[in-house]
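With positions in the sequence shown counted from 1, the corresponding number in our numbering is that position plus 636.
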Amino acid sequence: MSISKRKIVWVAVLGVALVLLAPPVRESFFGRGIRWVYLLLFSSSLAYLATPLARKVAWALGVLDRPGGRKVHERPTPLLGGAAIYMAFVAVLLLNFSFSWELKGVALGATLIFILGLVDDLRPLPAWLKLLVQLGAVGILIRFGVVLSFLPDGLWSTAGEWVLTAIWVVGITNAMNFLDGLDGLATGLAAINAAFFTIVALQTGQPYMGFLSVALLGSCLGFLPHNFQLREPASIFLGDAGSTFLGFSLAGIAVMGEWGESRLVDIVIPVLILGVPIFDMTLTTLVRVGTGQVKSIGEWLSFTGRDHFHHRLLDIGLGRRRAVLTIYVIAVWLGLSALVLKGSTGTDALLVLLQAGIIFFLVGYFMMFVKKQYARIGRAVLQDPKPQEGNSK
(Lines of atoms letter the chains of each structure in order from A and count residues from 1; the text may use other names and numbers.)
(Lines give C-alpha, C1' and ligand atoms only; values in the text may rest on other atoms or scores of the structure.)
Protein backbone atom coordinates (compact mmCIF):
# COMPACT_ATOMS: atom_id res chain seq x y z
CA MET A 1 0.00 0.00 0.00
CA SER A 2 1.41 3.44 -0.96
CA ILE A 3 2.02 6.14 1.63
CA SER A 4 -0.89 8.27 0.35
CA LYS A 5 -3.30 5.33 0.60
CA ARG A 6 -2.09 4.58 4.11
CA LYS A 7 -2.76 8.16 5.13
CA ILE A 8 -6.27 8.01 3.69
CA VAL A 9 -6.99 4.77 5.54
CA TRP A 10 -5.51 6.18 8.76
CA VAL A 11 -7.68 9.31 8.55
CA ALA A 12 -10.78 7.20 7.81
CA VAL A 13 -10.10 4.96 10.81
CA LEU A 14 -9.53 8.04 12.96
CA GLY A 15 -12.92 9.33 11.90
CA VAL A 16 -14.54 6.04 12.91
CA ALA A 17 -12.82 6.13 16.30
CA LEU A 18 -13.96 9.71 16.95
CA VAL A 19 -17.55 8.84 16.03
CA LEU A 20 -17.48 5.85 18.36
CA LEU A 21 -16.20 8.06 21.17
CA ALA A 22 -19.34 10.20 21.04
CA PRO A 23 -21.56 9.32 24.05
CA PRO A 24 -24.80 9.07 21.99
CA VAL A 25 -23.18 6.56 19.63
CA ARG A 26 -21.81 4.48 22.49
CA GLU A 27 -25.14 4.54 24.31
CA SER A 28 -26.92 3.50 21.13
CA PHE A 29 -24.73 0.39 20.80
CA PHE A 30 -25.02 -0.43 24.50
CA GLY A 31 -28.78 0.16 24.58
CA ARG A 32 -29.44 -2.17 21.64
CA GLY A 33 -27.61 -5.05 23.27
CA ILE A 34 -24.75 -5.04 20.77
CA ARG A 35 -22.04 -3.80 23.12
CA TRP A 36 -19.67 -6.42 21.70
CA VAL A 37 -19.90 -4.83 18.24
CA TYR A 38 -18.92 -1.48 19.73
CA LEU A 39 -15.98 -3.02 21.60
CA LEU A 40 -14.81 -4.80 18.46
CA LEU A 41 -14.94 -1.70 16.24
CA PHE A 42 -13.41 0.62 18.81
CA SER A 43 -10.55 -1.69 19.84
CA SER A 44 -9.59 -2.41 16.23
CA SER A 45 -9.67 1.32 15.40
CA LEU A 46 -7.48 2.23 18.38
CA ALA A 47 -4.95 -0.51 17.66
CA TYR A 48 -4.70 0.49 14.01
CA LEU A 49 -4.13 4.15 14.95
CA ALA A 50 -1.67 3.41 17.74
CA THR A 51 0.59 1.08 15.74
CA PRO A 52 2.34 3.77 13.64
CA LEU A 53 3.07 5.68 16.85
CA ALA A 54 4.54 2.55 18.45
CA ARG A 55 6.65 2.02 15.33
CA LYS A 56 8.08 5.56 15.51
CA VAL A 57 8.89 5.16 19.21
CA ALA A 58 10.63 1.84 18.55
CA TRP A 59 12.80 3.40 15.82
CA ALA A 60 13.62 6.36 18.05
CA LEU A 61 14.65 4.13 20.96
CA GLY A 62 16.42 1.61 18.76
CA VAL A 63 14.15 -1.22 19.90
CA LEU A 64 14.60 -3.35 16.80
CA ASP A 65 14.57 -7.04 15.97
CA ARG A 66 17.67 -7.60 13.87
CA PRO A 67 18.09 -10.55 11.46
CA GLY A 68 20.24 -13.49 12.44
CA GLY A 69 20.17 -16.94 13.98
CA ARG A 70 16.77 -18.64 13.79
CA LYS A 71 15.06 -15.42 12.64
CA VAL A 72 13.74 -15.42 9.09
CA HIS A 73 13.29 -11.70 8.36
CA GLU A 74 15.89 -9.87 6.27
CA ARG A 75 15.91 -6.37 7.70
CA PRO A 76 15.80 -4.69 11.14
CA THR A 77 12.16 -4.35 12.19
CA PRO A 78 10.72 -2.26 15.03
CA LEU A 79 9.33 -4.05 18.05
CA LEU A 80 6.80 -2.56 20.52
CA GLY A 81 3.81 -3.56 18.40
CA GLY A 82 2.47 -5.19 21.54
CA ALA A 83 2.21 -1.74 23.10
CA ALA A 84 -0.37 -0.73 20.49
CA ILE A 85 -2.42 -3.86 21.15
CA TYR A 86 -2.19 -3.40 24.91
CA MET A 87 -3.21 0.27 24.83
CA ALA A 88 -6.23 -0.47 22.65
CA PHE A 89 -7.22 -3.43 24.82
CA VAL A 90 -7.04 -1.49 28.09
CA ALA A 91 -8.71 1.64 26.71
CA VAL A 92 -11.69 -0.37 25.44
CA LEU A 93 -12.07 -2.22 28.74
CA LEU A 94 -12.04 1.05 30.66
CA LEU A 95 -14.66 2.58 28.35
CA ASN A 96 -16.82 -0.51 28.66
CA PHE A 97 -18.03 0.55 32.14
CA SER A 98 -18.84 -3.05 33.07
CA PHE A 99 -16.40 -5.13 35.08
CA SER A 100 -16.31 -8.27 37.17
CA TRP A 101 -13.82 -9.31 39.84
CA GLU A 102 -12.40 -11.98 37.52
CA LEU A 103 -12.16 -9.59 34.56
CA LYS A 104 -10.08 -7.24 36.70
CA GLY A 105 -7.80 -10.13 37.67
CA VAL A 106 -7.10 -11.10 34.06
CA ALA A 107 -6.51 -7.45 33.08
CA LEU A 108 -4.13 -6.81 36.00
CA GLY A 109 -2.20 -10.04 35.45
CA ALA A 110 -1.92 -9.31 31.73
CA THR A 111 -0.64 -5.81 32.54
CA LEU A 112 2.14 -7.27 34.68
CA ILE A 113 3.07 -9.66 31.86
CA PHE A 114 3.06 -6.79 29.36
CA ILE A 115 5.40 -4.73 31.54
CA LEU A 116 7.70 -7.73 31.94
CA GLY A 117 7.81 -8.26 28.18
CA LEU A 118 8.37 -4.56 27.53
CA VAL A 119 11.38 -4.49 29.84
CA ASP A 120 12.65 -7.68 28.19
CA ASP A 121 12.35 -6.05 24.76
CA LEU A 122 14.39 -3.08 25.96
CA ARG A 123 16.94 -5.14 27.88
CA PRO A 124 16.88 -8.97 27.87
CA LEU A 125 16.09 -10.45 31.27
CA PRO A 126 17.24 -13.79 32.73
CA ALA A 127 14.87 -16.72 32.39
CA TRP A 128 14.49 -17.24 36.15
CA LEU A 129 13.29 -13.66 36.63
CA LYS A 130 10.75 -13.94 33.81
CA LEU A 131 9.41 -17.19 35.27
CA LEU A 132 9.16 -15.60 38.73
CA VAL A 133 7.16 -12.64 37.40
CA GLN A 134 4.93 -14.95 35.35
CA LEU A 135 4.16 -16.93 38.49
CA GLY A 136 3.41 -13.62 40.22
CA ALA A 137 0.88 -12.84 37.47
CA VAL A 138 -0.66 -16.27 38.04
CA GLY A 139 -0.90 -15.35 41.72
CA ILE A 140 -2.95 -12.29 40.72
CA LEU A 141 -5.33 -14.53 38.78
CA ILE A 142 -5.72 -16.83 41.77
CA ARG A 143 -6.28 -13.88 44.10
CA PHE A 144 -9.12 -12.70 41.86
CA GLY A 145 -10.68 -16.14 41.62
CA VAL A 146 -9.53 -17.01 38.09
CA VAL A 147 -8.67 -20.63 38.83
CA LEU A 148 -9.26 -23.96 37.09
CA SER A 149 -12.00 -25.56 39.15
CA PHE A 150 -12.90 -29.02 37.95
CA LEU A 151 -11.17 -31.24 40.52
CA PRO A 152 -13.39 -33.06 43.04
CA ASP A 153 -13.57 -31.54 46.51
CA GLY A 154 -10.89 -32.84 48.81
CA LEU A 155 -7.91 -31.97 50.96
CA TRP A 156 -5.59 -31.29 48.04
CA SER A 157 -8.12 -30.00 45.50
CA THR A 158 -7.35 -26.31 46.06
CA ALA A 159 -3.59 -26.78 45.86
CA GLY A 160 -4.01 -29.01 42.83
CA GLU A 161 -6.15 -26.43 41.05
CA TRP A 162 -3.58 -23.72 41.76
CA VAL A 163 -0.77 -25.86 40.34
CA LEU A 164 -2.79 -26.76 37.23
CA THR A 165 -3.69 -23.09 36.73
CA ALA A 166 -0.02 -22.11 36.92
CA ILE A 167 1.03 -24.83 34.46
CA TRP A 168 -1.73 -23.88 32.03
CA VAL A 169 -1.16 -20.11 32.15
CA VAL A 170 2.65 -20.21 32.07
CA GLY A 171 2.54 -22.83 29.31
CA ILE A 172 0.15 -20.92 27.03
CA THR A 173 1.91 -17.60 27.72
CA ASN A 174 5.26 -18.95 26.55
CA ALA A 175 3.74 -21.09 23.79
CA MET A 176 2.39 -17.97 22.09
CA ASN A 177 5.78 -16.33 22.50
CA PHE A 178 7.44 -19.36 20.88
CA LEU A 179 5.08 -19.08 17.89
CA ASP A 180 5.92 -15.44 17.23
CA GLY A 181 8.37 -16.25 14.46
CA LEU A 182 6.63 -15.30 11.21
CA ASP A 183 4.81 -12.17 10.07
CA GLY A 184 1.26 -12.19 11.41
CA LEU A 185 1.47 -15.66 12.94
CA ALA A 186 1.02 -14.93 16.66
CA THR A 187 -1.31 -11.98 16.08
CA GLY A 188 -3.56 -13.76 13.61
CA LEU A 189 -3.61 -16.93 15.68
CA ALA A 190 -4.56 -14.95 18.80
CA ALA A 191 -7.32 -13.22 16.84
CA ILE A 192 -8.75 -16.58 15.73
CA ASN A 193 -8.57 -17.95 19.26
CA ALA A 194 -10.20 -14.82 20.69
CA ALA A 195 -12.94 -14.97 18.04
CA PHE A 196 -13.93 -18.48 19.09
CA PHE A 197 -13.84 -17.56 22.77
CA THR A 198 -16.14 -14.65 21.90
CA ILE A 199 -18.57 -16.96 20.11
CA VAL A 200 -18.59 -19.38 23.04
CA ALA A 201 -19.17 -16.51 25.47
CA LEU A 202 -22.15 -15.27 23.45
CA GLN A 203 -23.59 -18.78 23.17
CA THR A 204 -23.24 -19.58 26.86
CA GLY A 205 -24.12 -16.21 28.35
CA GLN A 206 -20.71 -15.30 29.82
CA PRO A 207 -20.60 -11.52 29.23
CA TYR A 208 -17.36 -10.69 31.04
CA MET A 209 -15.45 -13.42 29.29
CA GLY A 210 -16.93 -12.04 26.06
CA PHE A 211 -15.82 -8.48 26.87
CA LEU A 212 -12.22 -9.62 27.29
CA SER A 213 -12.31 -11.83 24.21
CA VAL A 214 -13.80 -9.27 21.85
CA ALA A 215 -11.49 -6.50 23.09
CA LEU A 216 -8.51 -8.77 22.43
CA LEU A 217 -9.92 -9.78 19.04
CA GLY A 218 -10.40 -6.19 17.91
CA SER A 219 -6.95 -5.14 19.14
CA CYS A 220 -5.34 -7.95 17.14
CA LEU A 221 -7.35 -7.15 14.01
CA GLY A 222 -6.33 -3.49 14.19
CA PHE A 223 -2.66 -4.41 14.48
CA LEU A 224 -2.67 -7.22 11.91
CA PRO A 225 -2.59 -5.02 8.73
CA HIS A 226 0.75 -3.64 9.93
CA ASN A 227 2.10 -7.06 10.89
CA PHE A 228 0.93 -9.30 8.04
CA GLN A 229 1.00 -8.08 4.45
CA LEU A 230 0.79 -10.30 1.41
CA ARG A 231 3.33 -8.44 -0.72
CA GLU A 232 5.53 -6.67 1.81
CA PRO A 233 7.27 -7.71 5.02
CA ALA A 234 5.81 -6.63 8.34
CA SER A 235 6.48 -3.01 9.27
CA ILE A 236 6.46 -3.83 13.01
CA PHE A 237 6.65 -6.89 15.25
CA LEU A 238 4.83 -7.72 18.47
CA GLY A 239 7.93 -8.14 20.58
CA ASP A 240 7.93 -10.24 23.74
CA ALA A 241 5.63 -7.67 25.35
CA GLY A 242 2.97 -8.38 22.74
CA SER A 243 3.30 -12.14 22.31
CA THR A 244 3.39 -12.93 26.04
CA PHE A 245 0.54 -10.49 26.68
CA LEU A 246 -1.59 -12.25 24.07
CA GLY A 247 -0.71 -15.67 25.44
CA PHE A 248 -1.45 -14.73 29.04
CA SER A 249 -4.72 -13.02 28.13
CA LEU A 250 -5.93 -16.04 26.15
CA ALA A 251 -4.91 -18.40 28.96
CA GLY A 252 -6.70 -16.21 31.51
CA ILE A 253 -9.84 -16.01 29.36
CA ALA A 254 -9.85 -19.79 29.06
CA VAL A 255 -9.56 -20.23 32.83
CA MET A 256 -12.19 -17.57 33.42
CA GLY A 257 -14.75 -19.47 31.36
CA GLU A 258 -17.24 -21.80 32.95
CA TRP A 259 -16.22 -25.15 31.53
CA GLY A 260 -16.34 -27.91 34.10
CA GLU A 261 -19.01 -26.64 36.49
CA SER A 262 -21.98 -28.42 34.94
CA ARG A 263 -20.39 -30.72 32.34
CA LEU A 264 -16.83 -31.97 32.67
CA VAL A 265 -16.74 -32.59 28.93
CA ASP A 266 -16.68 -28.83 28.30
CA ILE A 267 -13.06 -28.72 29.50
CA VAL A 268 -12.10 -29.97 26.03
CA ILE A 269 -13.42 -26.75 24.40
CA PRO A 270 -10.60 -24.35 25.44
CA VAL A 271 -8.04 -27.10 24.78
CA LEU A 272 -9.22 -27.34 21.17
CA ILE A 273 -9.44 -23.57 20.68
CA LEU A 274 -5.84 -23.21 21.86
CA GLY A 275 -4.79 -26.44 20.14
CA VAL A 276 -2.08 -24.93 17.92
CA PRO A 277 0.04 -23.33 20.68
CA ILE A 278 -0.50 -26.41 22.84
CA PHE A 279 0.67 -28.68 20.01
CA ASP A 280 3.72 -26.55 19.25
CA MET A 281 4.71 -26.29 22.90
CA THR A 282 4.25 -30.03 23.46
CA LEU A 283 6.13 -31.09 20.31
CA THR A 284 9.13 -28.81 20.86
CA THR A 285 9.32 -29.64 24.57
CA LEU A 286 9.28 -33.40 23.97
CA VAL A 287 11.92 -33.15 21.22
CA ARG A 288 14.19 -30.86 23.22
CA VAL A 289 13.93 -32.88 26.43
CA GLY A 290 14.28 -36.15 24.54
CA THR A 291 17.45 -34.98 22.79
CA GLY A 292 18.91 -33.50 25.96
CA GLN A 293 18.82 -29.92 24.69
CA VAL A 294 16.66 -28.78 27.60
CA LYS A 295 17.22 -29.99 31.16
CA SER A 296 15.50 -27.36 33.30
CA ILE A 297 12.57 -24.92 33.25
CA GLY A 298 15.01 -22.03 32.85
CA GLU A 299 16.54 -23.64 29.78
CA TRP A 300 13.05 -24.33 28.44
CA LEU A 301 12.18 -20.63 28.71
CA SER A 302 15.40 -19.34 27.17
CA PHE A 303 16.13 -22.02 24.54
CA THR A 304 15.84 -20.87 20.93
CA GLY A 305 15.87 -23.05 17.85
CA ARG A 306 14.34 -23.68 14.43
CA ASP A 307 12.17 -26.57 15.57
CA HIS A 308 8.78 -24.93 16.04
CA PHE A 309 5.65 -25.71 14.01
CA HIS A 310 6.15 -22.82 11.60
CA HIS A 311 9.85 -23.61 11.13
CA ARG A 312 9.00 -27.18 10.16
CA LEU A 313 6.41 -25.94 7.66
CA LEU A 314 9.11 -23.74 6.15
CA ASP A 315 11.46 -26.71 5.97
CA ILE A 316 9.04 -28.67 3.81
CA GLY A 317 8.85 -25.77 1.37
CA LEU A 318 5.55 -24.03 2.12
CA GLY A 319 6.96 -20.52 2.23
CA ARG A 320 6.35 -17.96 4.97
CA ARG A 321 2.90 -16.68 4.07
CA ARG A 322 1.59 -20.11 3.13
CA ALA A 323 2.90 -21.49 6.41
CA VAL A 324 1.05 -18.78 8.32
CA LEU A 325 -2.16 -19.33 6.35
CA THR A 326 -1.88 -23.10 6.91
CA ILE A 327 -1.69 -22.57 10.67
CA TYR A 328 -4.65 -20.19 10.46
CA VAL A 329 -6.70 -22.90 8.75
CA ILE A 330 -5.76 -25.47 11.39
CA ALA A 331 -6.73 -23.04 14.17
CA VAL A 332 -10.10 -22.35 12.55
CA TRP A 333 -10.73 -26.07 12.10
CA LEU A 334 -9.97 -26.70 15.78
CA GLY A 335 -12.21 -23.80 16.81
CA LEU A 336 -15.10 -25.16 14.77
CA SER A 337 -14.54 -28.58 16.35
CA ALA A 338 -14.78 -26.91 19.76
CA LEU A 339 -18.11 -25.30 18.85
CA VAL A 340 -19.46 -28.69 17.78
CA LEU A 341 -18.85 -29.99 21.30
CA LYS A 342 -21.44 -27.64 22.81
CA GLY A 343 -24.13 -29.93 24.19
CA SER A 344 -22.35 -33.11 23.07
CA THR A 345 -21.69 -36.24 25.10
CA GLY A 346 -18.47 -37.33 26.73
CA THR A 347 -17.94 -39.88 23.97
CA ASP A 348 -18.26 -37.17 21.30
CA ALA A 349 -15.70 -35.02 23.09
CA LEU A 350 -13.30 -37.93 23.41
CA LEU A 351 -13.63 -38.74 19.70
CA VAL A 352 -13.08 -35.10 18.64
CA LEU A 353 -10.06 -34.79 20.92
CA LEU A 354 -8.70 -38.10 19.65
CA GLN A 355 -9.19 -36.96 16.07
CA ALA A 356 -7.29 -33.74 16.75
CA GLY A 357 -4.52 -35.69 18.47
CA ILE A 358 -4.16 -38.12 15.57
CA ILE A 359 -4.02 -35.34 12.99
CA PHE A 360 -1.43 -33.40 14.98
CA PHE A 361 0.59 -36.58 15.43
CA LEU A 362 0.53 -37.23 11.68
CA VAL A 363 1.43 -33.60 10.93
CA GLY A 364 4.32 -33.68 13.37
CA TYR A 365 5.57 -37.05 12.15
CA PHE A 366 5.34 -35.97 8.50
CA MET A 367 7.26 -32.75 9.12
CA MET A 368 10.02 -34.50 11.07
CA PHE A 369 10.21 -37.31 8.49
CA VAL A 370 10.52 -34.88 5.57
CA LYS A 371 13.17 -32.89 7.40
CA LYS A 372 15.20 -36.08 7.96
CA GLN A 373 14.81 -36.95 4.28
CA TYR A 374 16.14 -33.52 3.30
CA ALA A 375 19.10 -34.02 5.60
CA ARG A 376 19.77 -37.51 4.15
CA ILE A 377 19.63 -36.21 0.56
CA GLY A 378 21.93 -33.34 1.48
CA ARG A 379 24.51 -35.72 2.95
CA ALA A 380 24.29 -37.94 -0.13
CA VAL A 381 24.94 -34.97 -2.43
CA LEU A 382 27.95 -33.90 -0.39
CA GLN A 383 29.38 -37.41 -0.45
CA ASP A 384 28.80 -37.85 -4.20
CA PRO A 385 29.34 -34.49 -5.92
CA LYS A 386 29.39 -36.02 -9.40
CA PRO A 387 26.68 -34.63 -11.68
CA GLN A 388 23.80 -37.01 -12.23
CA GLU A 389 23.09 -38.35 -15.71
CA GLY A 390 20.85 -36.02 -17.65
CA ASN A 391 21.60 -33.02 -15.40
CA SER A 392 25.07 -32.10 -16.67
CA LYS A 393 25.53 -29.11 -18.88
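Every residue gets a Cβ at the ideal spot worked out from N, C-alpha and C, and that includes glycine. All of these numbers come straight from a predicted model, not from anything done at the bench.
- Below 8 Å on the Cβ atoms is my guess for D757 versus G875; work out the distance and round it to an integer in Å. 4 Å
- Item | Burial state of G772, where buried means 16 or more other Cβ atoms lie within 10 Å | exposed
- Given that a residue counts as buried once 16 or more other Cβ atoms are within 10 Å of its Cβ, and exposed if not, what is F884? buried
- Would you grab the beta carbon distance between A683 and A653 for me? Rounded to a whole angstrom, and I think it's under 8 Å. So it is not a contact: roughly 10 Å between Cβ atoms.
- Three or more C-beta pairs closer than 8 Å, one from the stretch 775-784 and one from the stretch 738-753: is that the case here? yes
- Task: Counting only the same chain and skipping the five closest in sequence on each side, list residues whose C-beta sits under 7 Å from that of L860.
- Result: G820, T823, G824 and A827
- Query: Measuring CB to CB, does L970 end up less than 8 Å from A959?
  - Reply: no
- Within the same chain, show all residues whose beta-carbon is closer than 6 Å to that of D701, passing over the 5 residues directly before and after it, in chain order. T713, L715 and F873
- Item | Residue from M892, R942, S932 and G934 with nearest C-alpha to D916 | R942
- Query: Is the stretch 672-687 touching the stretch 717-731, taking contact as three or more C-beta pairs under 8 Å?
  - Reply: yes
- Item | Straight-line Cα distance separating V965 from L954 | 14 Å
- Message: Between the alpha carbons of L650 and S681, how many angstroms are there, rounded?
- Response: 7 Å
- Status (buried if at least 16 other CB within 10 Å, exposed otherwise) for G911: buried
- Query: What is the rounded straight-line gap between the Cα of V755 and the Cα of V769?
  - Reply: 12 Å
- Quick one: using the 10 Å Cβ neighbour count with 16 as the cut-off for buried, is L853 buried or exposed? buried
- Within this structure, are the beta carbons of I905 and L989 separated by less than 8 Å? no
- Task: Reducing DSSP to helix, strand and coil, say where L975 ends up.
- Result: helix
- Query: Hey, A851 and L998: beta-carbon distance below 8 Å or not?
  - Reply: no
- When the distance is taken between beta carbons, is F847 closer than 8 Å to S734? yes
- Task: Could you give the DSSP three-state label for A653: helix, strand or coil?
- Result: helix
- Task: Would you give the residue range spanned by the alpha helix (DSSP H) that P913 belongs to?
- Result: G911 to G926
- Query: Quick one: Cα of G698 to Cα of W895, how far?
  - Reply: 44 Å
- Item | Same chain only: Cβ atoms within 6 Å of L919, ignoring 5 sequence neighbours per side | G1000
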